[in-house]
Amino acid sequence: MTMTTTRTAAARTKVLQRQGAAVALVLMVAVSWLVFPRFGSPDNLRDLALQGSFLAVIALGMTFVIITGGIDLSVGSVYALGGVLAAWGSQHGFLVALLLPLVVCGLIGLVNGLLIARTSMAPFIVTLASLLFARGLLLVITDEGANTYQIAADSAFVELGRGTVFGFGYPIFIAAVLCVLGGVVLNRTSFGQNVFATGGAEQSAVLMGVPLAKTKIIVYTASGTLAGLAGALTAAYLQSGVTVIGVGLELDAIAVVVIGGTLLTGGMGTVLGTVIGVALIKVIQNVINQIGTLDSNYQSVVSGVFLLVVVVLQRVLRR
Amino acid sequence: MPTEPVIEVAGVTKTFAGVRALSDVDFTLHRGEVHALVGENGAGKSTLIKVLTGIHTPDSGHVRRDGRISTIYQEVNLVPLMSVSANLFLGREPRTRFGLIDRARRDADAAELLSGYGITADVRSPLGTLAVGEQQMVALARAVETDADVVIMDEPTSSLEPREVETLLDVVRKLHESGIAIIYVSHRMDELYRICDRVTVLRDGRSVHSGPLRDLPRIELVSLMLGRSVNEIEKHGTTAFGEDHHADTQPVLEARGLTSKPRVNGVDVTIRPGEVVGLAGLLGSGRTETAKAIIGALPLDGGTVLVAGTPVPRNVKAATRAGISMLAEDRKTEGIIPNLSVRENIVLAALPRLSRFGVISRSKQDRIVDTFITRLRIKVSSPEQKVAELSGGNQQKVLLARWLCTEPRILLLDEPTRGIDVGAKAEVQALIDELAREGLAVLLISSELDELLDGADRLVVLRDGAVAGELEGAELTREHVLKAIAAEVMDDADSH
Amino acid sequence: TARESQQTTTSGGPAASAAQNQSTGPGCSRSKTGYPQVDLKGAVVGFSQSEKEANPFRTAETQSIEDEAAKRGAELLYTNAQSDLNKQISDIKSLIDRGAKLLIVAPLNSDGLQPAFDAAKAKQVPVVTIDRKVTAQPCTDYLTFIGSDFVEQGKRAAQQMIKATGGTGKIAILLGASGNNVTVDRTKGFKDGIAGTPGLTVVAEQTGEFDRSKGQAVMEQLIQSNPDITAVYAENDEMGIGAVTALKAAGKQPGKDVKIVSIDGTRNAVQLLADGSYTAVVESNPRFGPLAFDTLEKFGKGEEIPQTIVISDDEYDAANASQKLANAY
Amino acid sequence: MQDNGVYVAVGVLLLFNALFTANFLTLGNFTTQLVQAAPVLIVALGMALVIGTEGVDLSVGAVMALAAAIIPLYLGAGPLVAITMALAVGLLAGAFNGFLVAKVGIQPIVATLALLVGGRGLALVIADGQLVQLHDQAFLELGTGEVAGAPISVLIAGVLALAVAALTNRTTFGRQLVAVGGNRKAATLAGLPVNRVLIGVYAITGVLAAVAGVLATSRLGASDPADMGLLMELSAITAVVVGGTPLTGGKVRVLGTVFGVVLMQLVRATLIKHNLPDSIAQMIQAAIIIAAVYVARERR
Ligand SMILES: Nc1ncnc2c1ncn2[C@@H]1O[C@H](COP(=O)(O)OP(=O)(O)OP(=O)(O)O)[C@@H](O)[C@H]1O
Ligand SMILES: Nc1ncnc2c1ncn2[C@@H]1O[C@H](COP(=O)(O)OP(=O)(O)OP(=O)(O)O)[C@@H](O)[C@H]1O
Ligand SMILES: [Mg+2]
Ligand SMILES: [Mg+2]
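Protein chains in written order, with my numbering: chain A, 125 to 443; chain B, 207 to 702; chain C, 259 to 587; chain D, 3 to 302.
See below:
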């Protein structure tokens with residue numbers, strides 16, 4: 125008898141924990157739909173999804189990193205670097221444009237992973253350093269920002285960012301596929317189990333035979349690669365390797381992951397939650413725009429308040 | 207008689223930052239034997255095991271292993287946030303055709319496997335929601351199920367209760383029958399004599415004896431461990447509790463109708479000054495939760511706690527101020543502050559008393575710390591040593607010291623002798639005795655029945671978070687208690 | 259011309275904002291684009307601002323657009339990208355979505371707005387870009403660009419510098435934010451401008467990120483290690499003002515011992531100039547409102563619009579500073 | 003070596019500059035470095051405490067901006083009133099963070115992220131988005147004045163460093179703080195006032211950030227909420243970690259933090275004085291952070 129009550133109670137809390145962000149999202153969307161007539165327009169929704177897809181790709185990597193108990197502050201810079209590399213590479217064809225950013229950004233992630241896994245340095249500080257490094261590298265490549273590489277409007281690479289199916293941009297599909305894949309890897313492979321174990325209790329994980337170093341290295345490499353990919357997709361979408369993007373993006377990525385219910389201390393989290401987090405933050409941004417002539421200074425106040433409301437709501441639901 | 211060695215250790219020395227944990231240790235494990243590894247707290251047992259399994263590399267000496275080793279470490283080493291089944295099968299999950307983890311099968315397998323160990327909890331819930339003892343059983347199941355040649359168990363029973371201990375010993379016997387060699391570490395002599403073939407005794411990091419166990423009188427074994435003469439030890443029995451205590455009539459602690467769903471359902475406990483009340487029950491019967499509810503660490507759905515007739519607000523701080531202290535069961539996650547020194551850990555709860563205007567007096571601190579290190583015989587290189595570096599038993603003593611120096615009126619002890627060696631255990635028990643004599647009210651939770659029977663003046667038996675009976679005076683016998691505790695077990699047995 | 263005088267009256271100063279039309283390349287007209295006619299009066303005009311109005315330039319820019327919209331009876335929709343390029347793209351799309359028939363865009367960056375331009379093209383909404391030139395096709399992607407020539411601003415700063423120093427001196431450059439094309443252009447213009455004057459050497463160039471306190475901090479470092487610096491070129495006023503504070507703290511007299519030339523024309527800098535602790539300020543004119551709406555109106559009427567319309571930037575020096583102070587923003 | 007990485011690094015950098023940097027060994031130069039480091043140090047001291055509780059405070063830069071925005075509003079009533087108001091706002095902001103972390107139970111990074119996002123916006127709203135030139139001589143004295151040849155801001159930072167050192171090493175509060183950071187569950191069961199400690203620590207950090215904001219504003223001679231303290235959170239965290247305080251909590255190293263700040267200041271100064279382009283400068287900073295933390299890391 126007691127067993128059953130315990131179980132249902134546990135099940136109920138679990139549902140609420142999982143759905144905390146989803147509840148907030150549903151509420152937000154419902155209210156926006158009613159209040160702002162243009163919110164639900166297909167154009168707006170398509171744009172929302174597209175804007176969200178770049179962030180989702182980055183946040184996917186961040187989800188894995190955070191579940192291992194780490195953090196990756198370099199993604200914003202790496203994202204910008206990826207874009208510049210893709211634009212530069214597009215002179216040499218589609219493959220170079222796509223692979224160059226993946227390889228270079230993957231390497232930066234690999235170095236992050238190696239430093240974190242092999243020396244016991246804090247992820248926060250290692251990735252903070254590579255945030256600086258990636259920006260520096262970007263400036264070197266662009267001659268201190270003087271050169272912005274353009275991507276020919278008729279190149280196949282641009283199609284990657286601008287092409288659509290039923291009006292939905294390719295990046296949306298790419299992000300969706302990656303997220304589904306990420307979810308499967310996280311929940312249905314031993315690598316995924318290792319990710320959870322690493323973040324849940326590092327010392328125990330070692331004793332249980334989890335390859336800690338390998339897991340961390342893979343996770344940071346993936347995060348770097350995904351940030352690079354997001355950068356490349358953005359470059360394709362913007363048709364140029366813009367140097368000024370990605371500043372502070374790491375905080376957005378962390379915010380959506382955490383809003384999605386992933387524990388910042390590691391050991392627990394879902395890809396679906398992250399996707400919901402991305403949707404939530406993009407909807408909030410969109411709503412602020414829908415409000416129209418809101419003083420630009422108030423906009424950040426409103427964003428801050430929204431963020432607060434969401435995390436508090438989630439926390440309250442979790443109780 | 208055993209022949210082939212599966213593990214051979216020769217002249218191993220291991221030093222940690224100046225502390226010599228093992229010096230020139232020889233140790234041989236033969237195929238198919240159950241080998242007891244004993245010694246005082248801090249003698250080097252866990253360290254030797256970690257050398258055997260390759261977690262520590264020795265400074266010098268040789269280790270030769272032959273075959274797969276599977277280990278249950280002293281502190282539960284599983285991942286609390288992952289589900290029970292994920293923990294059980296981490297690294298060897300059942301797969302579907304597509305190479306993905308088959309979660310349904312994993313959960314089913316886990317449930318079936320664990321029922322063999324008497325665990326009926328939901329295998330999909332996070333491991334951390336299980337009681338420590340249940341976690342220990344999960345760890346056991348995990349270790350045993352990886353077809354190993356050697357299974358090492360570092361104090362596997364320290365958080366188990368009699369019924370679970372039996373299950374575990376059964377498992378050991380089965381392993382033994384199937385030819386697996388076992389290293390068994392425990393401070394509980396009964397168990398050792400029931401299942402072990404041979405014994406190796408460590409003292410201060412040296413191996414002082416190795417040989418067949420059965421030929422070795424119990425008292426001599428203890429004398430080997432402690433390095434004291436047999437005569438000296440003969441004075442003590444299995445437990446060191448004295449006579450019944452004389453208790454005042456006015457209860458100092460009254461807990462009425464404590465309810466914290468779903469684990470505690472209306473528990474009443476009263477303790478008078480100078481009285482030791484034992485809390486008995488099966489794993490998961492709600493003993494820890496009751497203690498936590500009393501000290502205000504659990505949100506209550508109902509009930510009140512009165513200290514000397516005055517209601518106590520429901521938070522730990524207020525309870526502490528009212529004179530309630532609690533020694534937590536899980537010292538790793540709820541007890542020690544790993545980064546702080548032994549000194550800082552000991553005085554932590556007593557700080558307000560040791561400071562003036564928020565500034566801590568160093569001399570008062572040192573005096574108290576020195577007193578307790580000597581009185582509890584805590585083995586440290588200096589009070590400034592990090593508490594995380596101490597052996598499990600010594601950490602336990604540090605925590606005990608932390609509570610004693612707050613000079614509480616009511617002491618809640620959840621498994622106070624868990625993982626403590628025979629020598630220290632007797633001391634702790636004697637201490638509890640002495641404290642009660644001085645007028646302290648003690649609530650004692652223990653999975654060792656003898657400890658409860660000898661130590662407590664009165665027993666409250668819990669079942670499913672409710673009081674199933676109270677035993678006093680002549681009723682304090684093994685039979686009575688088992689009957690009260692095990693009503694459910696009988697039911698279970700009937701239904702099988 | 260008539261338009262010039264109108265421009266002058268709007269901005270209130272005597273010579274501050276005389277705009278000059280400058281045709282470079284073929285112009286653009288409605289017939290070429292095939293866009294529908296939109297009457298400014300009552301029309302919905304979208305304005306996409308790039309950054310917060312947290313500096314005088316942006317404040318004056320937004321104000322100018324808003325004033326002019328009100329004056330012409332147009333309904334203005336406003337968005338602010340908060341320095342986020344992707345947000346600016348969404349902003350522009352949402353402006354179109356909300357019914358804007360004409361767009362004025364202050365681009366966050368020269369590159370990367372292509373998707374927004376494409377969206378505008380698809381809905382046949384003409385886009386006037388202001389203050390920062392974009393790398394896209396005028397007349398197809400956008401109608402025209404109205405703004406300053408940043409390279410030219412740098413060159414004019416160089417001329418002021420040459421004049422003030424008499425052609426000899428050691429210069430420290432306080433660069434704007436890295437990776438920003440305003441920084442790039444103003445640096446290029448300045449260096450080109452002093453190229454013919456061998457007596458002037460650049461001894462240090464460090465970024466102050468367009469920020470006063472960073473400019474001050476960098477200057478404090480530089481004046482310690484190169485006490486013989488005699489001139490500072492700051493790529494915006496804020497960093498120049500920071501340099502003044504730093505130099506004073508180091509016991510130098512800015513404007514005298516060390517010449518300071520910067521770009522923008524904010525009130526605080528011109529005030530310093532009037533007080534004698536500054537050397538010269540090249541204006542970067544933010545008052546795009548009248549020009550932008552004029553352009554849209556002409557386009558509506560079917561007239562031909564030049565590809566680039568350079569707004570004229572004033573200059574402040576010791577001689578005219580107090581007199582023109584009211585014109586600074 | 004392990005514990006002394008940051009001191010060694012400072013030594014190496016000083017030596018390098020003494021040998022290869024023009025006019026480095028002058029009193030004026032050292033003063034400049036200290037004056038520039040003072041606000042960062044003040045913020046870093048608070049950050050070290052927060053990190054000691056296994057938390058982090060991303061809002062310090064925004065709180066500096068808030069303090070800056072408050073100053074001109076009350077400067078009319080005298081500098082003391084203005085400063086008091088600014089510090090009060092810092093206290094409020096910090097206590098709010100503490101409340102979110104302790105009572106609501108939100109993870110520190112996210113709790114303080116909300117204020118990082120919203121706080122600067124609020125500061126800009128208060129200031130109507132504008133930079134305000136300040137003319138109150140008494141107030142400006144704070145950032146530029148000297149007492150017995152030492153800059154006032156440096157003295158203030160020094161005194162605060164001593165105070166924080168005393169707080170962590172000598173007081174109940176300091177001990178409770180590291181206990182909460184080392185094992186919060188155990189600290190709770192030990193009857194420590196965990197919530198009070200957490201709220202207190204964030205409040206202290208808020209006040210310290212406001213102090214830094216006041217000093218920086220006075221030195222700048224203007225209230226500049228748009229740029230005041232931008233990215234200060236990262237500078238402060240870097241300095242604290244480089245100084246040997248682990249992000250995992252349970253330990254606070256005050257002297258290490260002081261040297262961490264000095265190290266990062268020297269790195270910046272060196273890069274500027276040698277006129278390296280921004281690109282190279284950023285990469286060298288990255289390398290130095292890694293090197294310093296590598297040496298100071300906790301060995302397994
Ligand atoms: N990581 C470490 N760093 C420093 N000292 C250590 C470390 N691990 C163990 N020690 C020291 O080594 C000695 C042996 O410890 P060990 O844990 O092996 O004891 P044990 O015999 O298992 O005791 P118990 O019965 O209490 O578990 C102790 O003095 C302990 O303080
Ligand atoms: N079936 C269960 N579902 C959820 N939590 C459980 C369950 N069984 C035990 N727990 C958890 O385990 C912990 C200890 O439980 P409890 O106090 O009942 O154990 P106990 O009787 O003290 O046993 P022991 O001390 O021997 O482990 C509590 O935190 C409780 O929430
Ligand atoms: Mg042990
Ligand atoms: Mg218990």
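Glycine is no exception: its CB is placed at the ideal position from the N, C-alpha and C atoms.
Let me check understanding here. Comparing Cα to Cα, which of the options lies closest to residue i?
{"i": "Q267(D)", "options": "L21(D), T33(D), I154(D)", "result": "T33(D)"}
{"i": "L641(B)", "options": "T623(B), K631(B), I616(B)", "result": "I616(B)"}
{"i": "G324(A)", "options": "L441(A), F315(A), G391(A)", "result": "G391(A)"}
{"i": "Q414(A)", "options": "A377(A), T322(A), F163(A)", "result": "F163(A)"}
{"i": "S652(B)", "options": "L485(B), D396(B), I579(B), G324(B)", "result": "L485(B)"}
{"i": "L313(D)", "options": "V83(D), P41(D), A113(D)", "result": "Since the displayed chain D opens at 3 and closes at 302, residue 313(D) lies outside it and no answer follows."}
For residue i, which residues from the same chain have a beta carbon less than 6 Å from its beta carbon, with the 5 sequence-adjacent residues on both sides left out?
{"i": "L118(D)", "result": "L60, S61, A64"}
{"i": "F218(A)", "result": "A280, F281"}
{"i": "G357(C)", "result": "V302"}
{"i": "K275(D)", "result": "T23"}
Between which residues of its own chain and residue i is the CB-CB distance below 7 Å, once the five residues before and five after are set aside?
{"i": "P505(B)", "result": "S466"}
{"i": "L200(D)", "result": "T55, G100, V103, A104, V182"}
{"i": "K220(B)", "result": "A227, L228, T253, V257, H262, P264, D265"}
{"i": "P211(B)", "result": "T234, L235, H236"}
{"i": "D486(C)", "result": "K428"}
{"i": "G508(B)", "result": "G463, T465"}
{"i": "E678(B)", "result": "R664"}
{"i": "A525(B)", "result": "I501, G502, V518"}
{"i": "T524(C)", "result": "P314, D495, A586, Y587"}
{"i": "P332(B)", "result": "P286, L287, M288, S289"}
Residues in the same chain with beta-carbon distance under 8 Å from residue i, minus the five sequence neighbours each way, listed in chain order, please.
{"i": "A394(C)", "result": "L371, Q372, F375, Y400"}
{"i": "L224(A)", "result": "L209, A210, W212, G213"}
{"i": "S406(C)", "result": "D389, S542, N543, V568, I569, D571"}
- Query: For the segment 205 to 228 of chain A, which residues have a beta carbon sitting closer than 8 Å to at least one beta carbon of chain D?
  - Reply: none
- Message: Residues of the segment 479 to 496 of chain C in Cβ contact with chain D at a cutoff of 9 Å, in chain order, please.
- Response: Q479, L480, I481, Q482, S483, N484, P485, E496
- Query: Listed from N- to C-terminal order along the chain, which residues in the segment 309 to 342 of chain C have their beta-carbon within a distance smaller than 8 Å of any beta-carbon of chain D?
  - Reply: K310, E311, A312, N313, P314, T317
- Query: Are the segment 376 to 385 of chain C and the segment 535 to 546 of chain C touching, with three or more C-beta to C-beta distances below 8 Å?
  - Reply: no
- the segment 376 to 389 of chain B in contact with the segment 411 to 425 of chain B per 3-pair CB rule at 8 Å: no
- Task: Pair every Cβ in the segment 230 to 239 of chain D with every Cβ in the segment 131 to 147 of chain D, then say whether three or more of these pairs are closer than 8 Å.
- Result: no
- Evaluate contact between the segment 293 to 300 of chain C and the segment 330 to 347 of chain C, counting only Cβ atoms and requiring at least three cross-stretch pairs below 8 Å. yes
- Query: Who sits around ligand 1, taking every residue whose Cβ is closer than 5 Å to one of its heavy atoms?
  - Reply: F222(B), V225(B), A227(B), N247(B), G248(B), A249(B), G250(B), K251(B), S252(B), T253(B), E595(B), L596(B), S597(B), G598(B), G599(B)
- Message: Which residues of the segment 227 to 244 of chain D have a Cβ closer than 8 Å to any Cβ of chain C? Give them in chain order.
- Response: P227, A228, D229, M230, L232
- Message: Would you call the segment 538 to 553 of chain B in contact with the segment 583 to 593 of chain B, where contact means no fewer than 3 C-beta pairs closer than 8 Å?
- Response: yes
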